[in-house]
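Only one structure is covered here, and it is reproduced in the block below.
There are 2 protein chains.
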Amino acid sequence: MDSDQSKLLKVSIVEDHDIFRKRLVELLQFYPELEVVLVAESAESFLQKIKRNDLEQQPEVVLMDIELPGISGIEATFQLKQDFPGVEVIMFTVFEDDERIFESINVGASGYLLKDTAIEEVVNSIKEIHNGGSPISPSIAKKVLDMVKNPEAFHAAPQQEIPFDLSPAELKILQHVVDGKTNKQIAEDVFLSPWTVKTHIKNIYKKMHVNSRAAAVKMALRRNLA
Amino acid sequence: MDSDQSKLLKVSIVEDHDIFRKRLVELLQFYPELEVVLVAESAESFLQKIKRNDLEQQPEVVLMDIELPGISGIEATFQLKQDFPGVEVIMFTVFEDDERIFESINVGASGYLLKDTAIEEVVNSIKEIHNGGSPISPSIAKKVLDMVKNPEAFHAAPQQEIPFDLSPAELKILQHVVDGKTNKQIAEDVFLSPWTVKTHIKNIYKKMHVNSRAAAVKMALRRNLA
DNA sequence: TAAAAAATCACCCAAACGGGGTATTCTGCG
DNA sequence: CGCAGAATACCCCGTTTGGGTGATTTTTTA
Chain B
1 MDSDQSKLLK VSIVEDHDIF RKRLVELLQF YPELEVVLVA ESAESFLQKI KRNDLEQQPE
61 VVLMDIELPG ISGIEATFQL KQDFPGVEVI MFTVFEDDER IFESINVGAS GYLLKDTAIE
121 EVVNSIKEIH NGGSPISPSI AKKVLDMVKN PEAFHAAPQQ EIPFDLSPAE LKILQHVVDG
181 KTNKQIAEDV FLSPWTVKTH IKNIYKKMHV NSRAAAVKMA LRRNLA
Chain V
1001 MDSDQSKLLK VSIVEDHDIF RKRLVELLQF YPELEVVLVA ESAESFLQKI KRNDLEQQPE
1061 VVLMDIELPG ISGIEATFQL KQDFPGVEVI MFTVFEDDER IFESINVGAS GYLLKDTAIE
1121 EVVNSIKEIH NGGSPISPSI AKKVLDMVKN PEAFHAAPQQ EIPFDLSPAE LKILQHVVDG
1181 KTNKQIAEDV FLSPWTVKTH IKNIYKKMHV NSRAAAVKMA LRRNLA
């Protein structure tokens, strides 16, 4: 572990909400190990400023709001990482939707905090991300874990045609079969009677020309369903 | 947000290291909102105890050491989740290797903390996991994000490496399972008794942390066996 | 060579499965 | 409007599975 070598850690903030931004800057100033070097209220002005800043005043960590007017925080992070791959980004948001989390990760953000995170936590996160970690608010981490458990769901194409002429209901049930659930468990998940589930599965088998769960799972995965 | 309704949050600890375990129990006792209801120094004794505990004394959150003699924390979590799906598990470890993190996620652990985490953080994590979040130490979260960014690397072995420590015989049988064969059919194909095939499959399940053919097939295909 | 790991076979039992029916809504589409 | 196709729910029955337990033999390896 490397402790702070009394060097100031340079931090930037990109946040359109006035009160929130000012308050954040204010609070961060109580931490002598941090130095706020660049504050912007839009992605545009941030990107512009950072490009003409002299090297000595470049931030090492950026607190980036996701919801910004104009260029979003995600797009801004993407562009930032093009020119400054070494700068670490912590996304700041009030939302926890999968899509934005997933995009943020792919665009290179390493931290993900909810806006109601306590200031001490924020400061810790800044230090942690600077040491190579990825601070993530627990409620968001939950969704990240789901992505790991079920990656396909997040790579799924917007409009994929349904193979084997499976009806939407059947497709849904097939997903559960792929996940190794029993008929009873599926029934509970989709609020149907186990017999209905069974009927669906029988029809699925007919359409897919299989006669066991294992074969159906193989077929489904090979055809990129699930 | 729901705050504590002055109800005790019941916590269990599974940890073989004497000093660490005792210290942890000691420290947790300073938090009146928590109640340590079950402490074990091995997965075996933990699983045994929890099964004969009366419902009132069942833990809601378990702090599980990964590195345990005998049954590992991962295997223990897997078994625990079978019988008590509602119990949340926080893995506790000194290691940060991908394989164990990945397996922990897949067996259903929702939290992942390094052993050097401060006690206040541990307590926060316990509360957060109880509220549906997934507290993860930043250095581990880093690896989880990598899994999201590059899922293939964790679902596909680089080249011909046998995942899950499956023996050659087991691997062969797994192939047949993936092909949707019944135990009897497999037995005929490999010239073994159906009981032997069954035993192999049971062992395969244990190693892969699954409990049905469908789940095994999914796992196998994900890891490019077959 | 002695201990450990893998492979083999066997039985019991409860739960789940697969395949064959039947029948009543519901719903989209011509 | 009417009707085909979907979705829903249920039953019977024999087979298969999953889990637990126990045992012997072969192979590997320390």
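These protein sequence lines are chains B and V, in that order.
Under my numbering, residues 1 to 226 are what the first sequence spells out, in order.
Under my numbering, residues 1001 to 1226 are what the second sequence spells out, in order.
Note that CB positions come from ideal geometry on N, CA and C, so glycine has one too.
None of these values were measured; they are calculated from a predicted model.
Inset, instruction - Report yes if the CB atom of Leu-1221 of chain V is closer than 8 Å to the CB atom of Lys-181 of chain B, and no otherwise. - result: If you number the second sequence from 1, residue 1221 of chain V lands on position 221. If you number the first sequence from 1, residue 181 of chain B lands on position 181. Not a contact, by the Cβ cut-off of 8 Å.
Legend entry - C-alpha distance - Val-210 of chain B paired with Asn-203 of chain B, whole-angstrom precision: For this step, residue 210 of chain B is matched to residue 210 along the first sequence. For this step, residue 203 of chain B is matched to residue 203 along the first sequence. Distance between the alpha carbons of Val-210 of chain B and Asn-203 of chain B is about 10 Å.
Inset, instruction - With 8 Å as the threshold, decide whether the Cβ of Pro-1138 of chain V is near any Cβ in chain B. - result: Indexing the second sequence from 1 puts residue 1138 of chain V at position 138. Yes, Pro-1138 of chain V lies at the interface with chain B (some Cβ there is under 8 Å from its Cβ).
Inset, instruction - Would you kindly report the start and end of the unbroken alpha helix (DSSP H) that includes Ile-136 of chain B? - result: Taking the first sequence and counting its residues from 1, one reaches residue 136 of chain B at position 136. Careful: Ile-136 of chain B lies outside any alpha helix (DSSP H) and carries neither H nor E.
Inset, instruction - Please check if any C-beta of chain V sits within less than 8 Å of the C-beta of Ile-66 of chain B. - result: The residue you call residue 66 of chain B lines up with position 66 of the first sequence. It does not; no Cβ of chain V falls within 8 Å.
Inset, instruction - Give the secondary structure of Glu-15 of chain B by DSSP, where H, G and I count as helix, E and B as strand, and everything else as coil. - result: The sequence position of residue 15 of chain B within the first sequence is 15, counting from 1. Coil at Glu-15 of chain B, not helix or strand.
Inset, instruction - Report the residues of the segment 178 to 205 of chain B with a CB closer than 9 Å to any CB of chain V, ordered along the chain. - result: For the segment 178 to 205 of chain B, which is checked against every Cβ of chain V, the residues closer than 9 Å are Val-178, Asp-179, Gly-180, Lys-181 and Thr-182.
Legend entry - Nonlocal neighbours in the same chain, by C-beta distance under 6 Å from Ala-1109 of chain V, ignoring five residues either side: For the purposes of this step, residue 1109 of chain V is taken as residue 109 along the second sequence, with counting starting at 1. Correct list, in chain order: Thr-1077, Val-1089 and Met-1091.
Inset, instruction - Following the continuous beta strand (DSSP E) through Tyr-1112 of chain V, name the residue where it begins and the one where it ends. - result: Within the second sequence, residue 1112 of chain V is the residue found at index 112, counting from 1. In this chain, the beta strand (DSSP E) harbouring Tyr-1112 of chain V covers 1111 to 1114.
Inset, instruction - Give a yes or no on whether 8 Å exceeds the smallest Cβ distance from Ala-157 of chain B to chain V. - result: Looking up residue 157 of chain B in the first sequence gives position 157. For Ala-157 of chain B, the predicted structure reports a pLDDT of 46, less than 50, and the residue's modelled location is therefore unreliable. The matter cannot be settled from this model.
Inset, instruction - Under 6 Å Cβ to Cβ from Ile-1019 of chain V, same chain only, skipping five residues before and after it: list those, please. - result: Within the second sequence, the letter at position 19 stands for residue 1019 of chain V. Hits under 6 Å: none found.
Inset, instruction - From the DSSP output, read off the bridge partner residues of Met-64 of chain B. - result: Working through the first sequence from its first residue, we reach residue 64 of chain B at position 64. Met-64 of chain B is bridged to B:Val-14 and B:Met-91.
Inset, instruction - Could you tell me which residues DSSP pairs with Glu-1120 of chain V in its beta bridges? - result: As a working mapping, residue 1120 of chain V is identified with position 120 in the second sequence. DSSP lists no partner for Glu-1120 of chain V.
Inset, instruction - Could you check the C-alpha separation between Phe-30 of chain B and Pro-1032 of chain V for me, to the nearest Å? - result: By one-based count along the first sequence, residue 30 of chain B stands at place 30. By one-based count along the second sequence, residue 1032 of chain V stands at place 32. Computed Cα separation, rounded: 31 Å.
Inset, instruction - Tell me whether Ala-187 of chain B is buried or exposed, calling it buried when 16 or more other Cβ atoms sit within 10 Å of its Cβ. - result: For the purposes of this step, residue 187 of chain B is taken as residue 187 along the first sequence, with counting starting at 1. Around the beta-carbon of Ala-187 of chain B, 16 or more other beta-carbon atoms lie within 10 Å, marking it buried.
Legend entry - CB contact below 8 Å: Gly-1073 of chain V versus chain B: Within the second sequence, the letter at position 73 stands for residue 1073 of chain V. Using beta-carbon distances, Gly-1073 of chain V does not count as an interface residue toward chain B, since no partner is under 8 Å.
Legend entry - Extent of the continuous beta strand (DSSP E) to which Val-1039 of chain V belongs: As a first step, residue 1039 of chain V must be located in the second sequence, where it is residue number 39. Counting along the chain, the beta strand (DSSP E) containing Val-1039 of chain V begins and ends at 1034 to 1040.
Inset, instruction - Give a yes or no on whether the minimum CB-CB distance between Leu-145 of chain B and chain V is below 8 Å. - result: Within the first sequence, numbered from 1, the residue matching residue 145 of chain B stands at position 145. Taking Cβ atoms only, chain V reaches closer than 8 Å to Leu-145 of chain B, which makes this a yes.
Inset, instruction - Using beta-carbon positions only, say whether Val-190 of chain B and Lys-172 of chain B come within less than 8 Å of one another. - result: The sequence position of residue 190 of chain B within the first sequence is 190, counting from 1. The sequence position of residue 172 of chain B within the first sequence is 172, counting from 1. The Cβ atoms of Val-190 of chain B and Lys-172 of chain B sit closer than 8 Å to each other.
Inset, instruction - Would you identify the three-state DSSP class for Leu-1024 of chain V, choosing helix, strand or coil? - result: The residue labelled residue 1024 of chain V in the question sits at position 24 within the second sequence. The answer is helix: DSSP assigns Leu-1024 of chain V an H, G or I state.
Legend entry - Contact set for Ile-66 of chain B: own chain, Cβ-Cβ below 8 Å, skip 5 residues either direction: For this step, residue 66 of chain B is matched to residue 66 along the first sequence. Cβ neighbours of Ile-66 of chain B beyond the five flanking positions: Ser-72, Gly-73, Ile-74, Met-91, Phe-92, Thr-93, Phe-95, Arg-100 and Ser-104.
Legend entry - Cutoff 8 Å: Ile-1119 of chain V Cβ touching any chain B Cβ: Residue 1119 of chain V sits at position 119 when you count from the first residue of the second sequence. Ile-1119 of chain V does not count as touching chain B.
Inset, instruction - Taking Val-61 of chain B and Leu-80 of chain B to be in contact with their CB atoms under 8 Å, please state how far apart those CB atoms are, rounded to whole angstroms. - result: Translated into positions along the first sequence, residue 61 of chain B becomes position 61. Translated into positions along the first sequence, residue 80 of chain B becomes position 80. Going by Cβ atoms, the distance from Val-61 of chain B to Leu-80 of chain B rounds to 12 Å, so no, they are not a contact pair.
Inset, instruction - Could you list which residues in chain B have their beta carbon closer than 8 Å to that of Val-1061 of chain V, in chain order? - result: On the second sequence, residue 1061 of chain V is found 61 positions in, with the first residue counted as 1. Near Val-1061 of chain V there are no residues of chain B at all, since even the closest Cβ is about 13 Å away, more than 8 Å.
Legend entry - Check whether Asp-1165 of chain V and Lys-1206 of chain V have beta carbons under 8 Å apart: On the second sequence, position 165 is the one that residue 1165 of chain V refers to. On the second sequence, position 206 is the one that residue 1206 of chain V refers to. It is not a contact, given that the beta carbons lie outside the stated cut-off.
Inset, instruction - In the DSSP assignment, find the unbroken alpha helix (DSSP H) run with Val-190 of chain B in it and report its ends. - result: By one-based count along the first sequence, residue 190 of chain B stands at place 190. That run of the alpha helix (DSSP H) goes 183 to 190.
Inset, instruction - Using a threshold of 8 Å, state whether the C-beta atoms of Leu-1114 of chain V and Ser-1137 of chain V are closer than that. - result: Counting from 1 along the second sequence, the entry for residue 1114 of chain V is found at position 114. Counting from 1 along the second sequence, the entry for residue 1137 of chain V is found at position 137. Pairing Leu-1114 of chain V with Ser-1137 of chain V gives a Cβ-Cβ distance under 8 Å.
Legend entry - Outcome for Gln-160 of chain B when other beta-carbon atoms lying within 10 angstroms are tallied against a minimum of 16: Numbered from 1 along the first sequence, position 160 holds the residue referred to as residue 160 of chain B. Reliability of the predicted coordinates at Gln-160 of chain B is poor, the pLDDT of 47 falling under 50, and no value is obtained from them.
Legend entry - Cβ pair Pro-1069 of chain V, Lys-1010 of chain V closer than 8 Å: Counting from 1 along the second sequence, the entry for residue 1069 of chain V is found at position 69. Counting from 1 along the second sequence, the entry for residue 1010 of chain V is found at position 10. No, Cβ-Cβ distance for Pro-1069 of chain V and Lys-1010 of chain V is not below 8 Å.
Inset, instruction - Check the DSSP bridge columns for Leu-1009 of chain V and list the partner residues they point to. - result: By one-based count along the second sequence, residue 1009 of chain V stands at place 9. Secondary-structure assignment with DSSP links Leu-1009 of chain V through a beta bridge to V:Leu-1034.
Legend entry - Same chain only: Cβ atoms within 8 Å of Ser-1012 of chain V, ignoring 5 sequence neighbours per side: Position 12 of the second sequence, counted from the start, is the residue given in the question as residue 1012 of chain V. The answer, listed in chain order, is Val-1036, Val-1037, Leu-1038, Val-1039, Ala-1040, Phe-1046, Ile-1050, Pro-1059, Val-1061, Val-1062 and Leu-1063.
Legend entry - Contacts that Val-1217 of chain V makes with chain B (C-beta to C-beta distance below 7 Å): The residue labelled residue 1217 of chain V in the question sits at position 217 within the second sequence. Neighbours of Val-1217 of chain V in chain B, taken as residues at a C-beta separation under 7 Å, are given in chain order as Ala-214, Val-217 and Lys-218.
Legend entry - Interface partners of Leu-1221 of chain V on chain B, CB under 9 Å: Locating residue 1221 of chain V in the second sequence gives position 221, counting from the first residue. Within 9 Å Cβ-Cβ: Val-217, Lys-218, Leu-221 and Arg-222.
Legend entry - Straight-line gap, Thr-1196 of chain V to Asn-1183 of chain V (C-alpha atoms, nearest Å): As a first step, residue 1196 of chain V is located in the second sequence; it is residue number 196 there, counting from the start. As a first step, residue 1183 of chain V is located in the second sequence; it is residue number 183 there, counting from the start. Computed Cα separation, rounded: 9 Å.
Legend entry - Same chain, Cβ closer than 8 Å to His-1130 of chain V, neighbours up to 5 away in sequence not counted: As a first step, residue 1130 of chain V must be located in the second sequence, where it is residue number 130. Answer for His-1130 of chain V: Leu-1009, Glu-1060, Val-1061 and Glu-1088, listed in chain order.
Inset, instruction - Pick helix, strand or coil for Phe-84 of chain B, following the three-state DSSP scheme. - result: Along the first sequence, read from residue 1 onward, the residue named residue 84 of chain B stands at position 84. Three-state DSSP puts Phe-84 of chain B in coil, outside helix and strand.
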